[in-house]
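Colleague: After the structure tokens below, expect a handful of questions from me.
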Amino acid sequence: MRRTTWALAFGVLLAAGAARADSGWTGGDDLPTSPLACDGTAAAAAAKPYDGGTPTSAPDRAGKPLTVVDIPKLIGIGYFNATSKGIADAAKELGNVTAKTDGPTKANIDEQITFIDNTITSGVDGILFAANDPVAIAPVLKKALSKGINVVGYDANSTPDARQWFVNQAEFNGIAKSLIDNLAKEIGEEGSFAIVTSTFTTPNQARWIAEMAAYAEKCHPKLKWLETVEAQEDNILSFNQATTLINKHGDELKGIVGMTSVATPASAEAVTQAGKCGQIAVIGLATPNAMKPYVAKDCVKSVVLWNPVDLGYAAMYVLRAVADGTLKPGATSVKAGKLGDLQVVNGSEILLGAPFVFTKENIDKFDF
14 MRRTTWALAF
24 GVLLAAGAAR
34 ADSGWTGGDD
44 LPTSPLACDG
54 TAAAAAAKPY
64 DGGTPTSAPD
74 RAGKPLTVVD
84 IPKLIGIGYF
94 NATSKGIADA
104 AKELGNVTAK
114 TDGPTKANID
124 EQITFIDNTI
134 TSGVDGILFA
144 ANDPVAIAPV
154 LKKALSKGIN
164 VVGYDANSTP
174 DARQWFVNQA
184 EFNGIAKSLI
194 DNLAKEIGEE
204 GSFAIVTSTF
214 TTPNQARWIA
224 EMAAYAEKCH
234 PKLKWLETVE
244 AQEDNILSFN
254 QATTLINKHG
264 DELKGIVGMT
274 SVATPASAEA
284 VTQAGKCGQI
294 AVIGLATPNA
304 MKPYVAKDCV
314 KSVVLWNPVD
324 LGYAAMYVLR
334 AVADGTLKPG
344 ATSVKAGKLG
354 DLQVVNGSEI
364 LLGAPFVFTK
374 ENIDKFDF
């Protein structure tokens, strides 16, 4: 895969209606992008009509006890342990919700669909999900809606008509700006880098990468992208992929961007074991606890994320509001307990807030 600048790599991608660039770019989706201003000027929120789905003949659940099942991409990793905790905390706080988390131990869309299908059969009031694939998951979510089940997504979206609302951890272009700005700060405006993602079809990673491309072309056009590799949200594969990038590109590689909470610490470990701390920057999305050892050793200077406990907490409050009928199409905000009022954006999304950058100065204040 040949080296290319961001401008070349994304000239075709960003053309109206174009497929992925002929230059070999992979990892981003083909949806329209909206890069933020280079100087950080806030973007104006565009009002859009509700585009979510509607459950068929849903019973009156206002104020009544709810049984909710949370089915994330996978269970057993720190990130989704944190969202699960937030869901459980909110359920306990609400007092009339029984919530549990279940799902595959690998980020496998077929297994996730099976878990959701089984949950529908068991008879529940609500389903929370984080999608492994936005399109493939849609039919089973629509099946849940057809059974009168309330469906709310978080972390990774489905097609909008397959769920009622989606709780977005931060807007995609905001995350993209934070990642690229921090990357350019560490490797320089003409540095070369590679990306370790989960899969090329995982909705949130693909959206972030597409927005990163657009923002980089606009604000840091001389950054050089080398390639994007898949690592399936697997720790060993992520480490091996990062090691391969280090060996393959040698001194040309100045930075690795991890797009998942698994890929980023695994990439930092690969850089550490290669003796490249200070020579190859690692920027990415990860939980602070996983990154503290690398930040303490100055092998990683910045970690971009949000609070996944708050994300799960917000998702549970949104589902309760939907079931109660207090969150309806056309709403501009929703009450989310200790988080206060959260804004409705893009028709049927609830925005948790802006991304946060963890650094050596603040990372020890967080425990998740």
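Residues are numbered in my numbering as their position in the sequence shown, beginning at 1, plus a constant of 13.
Even for Gly, the Cβ is constructed at its ideal location relative to N, Cα and C.
So what does DSSP say about residue 193, is it helix, strand or coil?
Modeller: Three-state DSSP puts residue 193 in a helix.
Colleague: Consult DSSP for residue 347 and reduce its assignment to one of helix, strand or coil.
Modeller: Three-state result, residue 347: strand.
Colleague: Can you list, in chain order, the residues of its chain whose CB lies under 6 Å from that of residue 316, leaving out five sequence neighbours each side?
Modeller: Hits under 6 Å: 299, 304 and 371.
Colleague: My guess is that residue 217 and residue 168 are in contact by the Cβ rule of under 8 Å, so how many angstroms apart are they, rounded?
Modeller: With 8 Å as the limit, residue 217 and residue 168 qualify as a contact, their Cβ atoms being about 7 Å apart.
Colleague: Using 10 angstroms around the beta-carbon of residue 377, count the other beta-carbons present and answer buried if the total reaches 16, otherwise exposed.
Modeller: Classification for residue 377: exposed.
Colleague: Going by C-alpha distance, which of 146, 290 and 325 is nearest residue 311?
Modeller: The candidate whose alpha carbon is nearest that of residue 311 is 290.
Colleague: Looking at the structure shown, is residue 289 part of a helix, part of a strand, or coil, going by DSSP?
Modeller: Three-state result, residue 289: coil.
Colleague: Rounded C-beta distance between residue 326 and residue 100? I'm assuming under 8 Å.
Modeller: Sure, about 7 Å apart at Cβ, within 8 Å.
Colleague: Fully enclosed by the stretch 208-296, which beta strand (DSSP E) runs are 3 residues long or longer?
Modeller: Listed in chain order, they are 237-243 and 266-271.
Colleague: Would you report the Cα separation of residue 34 and residue 113, rounded to the nearest angstrom?
Modeller: Because the pLDDT at residue 34 is just 34, under 50, the model does not fix this residue reliably, and the point stays unresolved.
Colleague: Per DSSP, what kind of secondary structure is residue 171 in: helix, strand or coil?
Modeller: It is coil, neither helix nor strand.
Colleague: Find out if the Cβ-Cβ distance for the pair residue 160, residue 175 is shorter than 7 Å.
Modeller: Their beta carbons are not under 7 Å apart, which means residue 160 does not touch residue 175 by this criterion.
Colleague: Would residue 177 and residue 164 qualify as a contact pair, given that the criterion is a beta-carbon distance under 7 Å?
Modeller: Yes, Cβ-Cβ distance for residue 177 and residue 164 is below 7 Å.
Colleague: Assign residue 78 to buried or exposed, taking buried as 16 or more other Cβ atoms, counted over all protein chains shown, within 10 Å of its Cβ.
Modeller: Per the 10 Å Cβ criterion, exposed.
Colleague: Using the C-alpha atoms, what's the distance from residue 118 back to residue 104?
Modeller: Approximately 23 Å between the Cα atoms of the pair.
Colleague: Jot down the residue ranges of each uninterrupted beta strand (DSSP E) in the stretch 101-163, minimum 3 residues, whole runs only, in chain order.
Modeller: Counting only runs of 3 or more, we get 110-114 and 139-142.
Colleague: Could you check if residue 44 is buried or exposed, using at least 16 other CB atoms within 10 Å of its CB as the buried criterion?
Modeller: So residue 44 ends up on the exposed side.
Colleague: From the DSSP output, read off the bridge partner residues of residue 83.
Modeller: According to DSSP, which records beta bridges pairwise, residue 83 is partnered with 114 and 141.
Colleague: Assign residue 351 to buried or exposed, taking buried as 16 or more other Cβ atoms, counted over all protein chains shown, within 10 Å of its Cβ.
Modeller: Residue 351 comes out exposed.
Colleague: Compare the Cα-Cα distances from residue 277 to each of 361, 263 and 192 and report the closest residue.
Modeller: Residue 277 has its Cα closest to that of 192, out of 361, 263 and 192.
Colleague: Tell me, to the nearest whole angstrom, how far the beta carbon of residue 246 is from that of residue 86; I am working on the premise that it is less than 8 Å.
Modeller: Going by Cβ atoms, the distance from residue 246 to residue 86 rounds to 7 Å, so yes, they are a contact pair.
Colleague: Less than 8 Å between the CB atoms is what I'm expecting for residue 173 and residue 361, so what's the real figure, rounded?
Modeller: Yes, they are in contact, since the Cβ atoms of residue 173 and residue 361 sit about 6 Å apart, within 8 Å.
Colleague: Residue 185 by DSSP, collapsed to three states: which one?
Modeller: Residue state, collapsed to three classes: helix.
Colleague: Please report the distance separating the alpha-carbon of residue 81 from that of residue 107.
Modeller: Looking at the two C-alpha atoms, the distance is approximately 13 Å.
Colleague: So, for residue 19: in the same chain, excluding its five sequence neighbours on each side, which residues have a beta-carbon less than 7 Å away from its beta-carbon?
Modeller: Unreliable placement is indicated for residue 19, whose pLDDT of 42 sits below 50; the coordinate value is still reported in the next sentence. Excluding positions up to five away in sequence, the list reads 226, 229, 230, 234, 236 and 238.
Colleague: Would you call the stretch 259-279 and the stretch 65-77 touching, i.e. three or more CB-CB distances under 8 Å?
Modeller: With the cut-off at 8 Å, the stretch 259-279 and the stretch 65-77 do not touch.
Colleague: For residue 153 versus residue 188, is the C-beta spacing smaller than 7 Å?
Modeller: Contact flag unset, no.
Colleague: In three-state DSSP terms, what is residue 88?
Modeller: The answer is coil: DSSP assigns residue 88 none of H, G, I, E or B.
Colleague: My guess is that residue 364 and residue 184 are in contact by the Cβ rule of under 8 Å, so how many angstroms apart are they, rounded?
Modeller: Their Cβ separation, rounded to whole angstroms, is 6 Å, which keeps residue 364 and residue 184 in contact under 8 Å.
Colleague: Where does residue 371 fall in DSSP's three states?
Modeller: Residue 371 falls in the strand class under three-state DSSP.
Colleague: What's the C-alpha gap between residue 294 and residue 313?
Modeller: Taking the straight line joining both Cα atoms gives about 7 Å.
Colleague: Could you tell me how far apart the beta carbons of residue 120 and residue 211 are, in whole angstroms, since I believe they sit closer than 8 Å?
Modeller: Indeed they touch by this definition, with Cβ atoms about 6 Å apart.
Colleague: In angstroms, rounded to a whole number, what distance separates the CA positions of residue 205 and residue 260?
Modeller: Distance between the alpha carbons of residue 205 and residue 260: 14 Å.
Colleague: Taking the beta strand (DSSP E) that residue 354 belongs to, which residues open and close that run?
Modeller: Here the beta strand (DSSP E) through residue 354 covers 354-358.
Colleague: With DSSP run on the structure shown, which of helix, strand or coil describes residue 332?
Modeller: Helix, per DSSP.
Colleague: According to DSSP, is residue 317 part of a helix, a strand, or is it coil?
Modeller: Looking at residue 317 - three-state DSSP - the assignment turns out to be strand.
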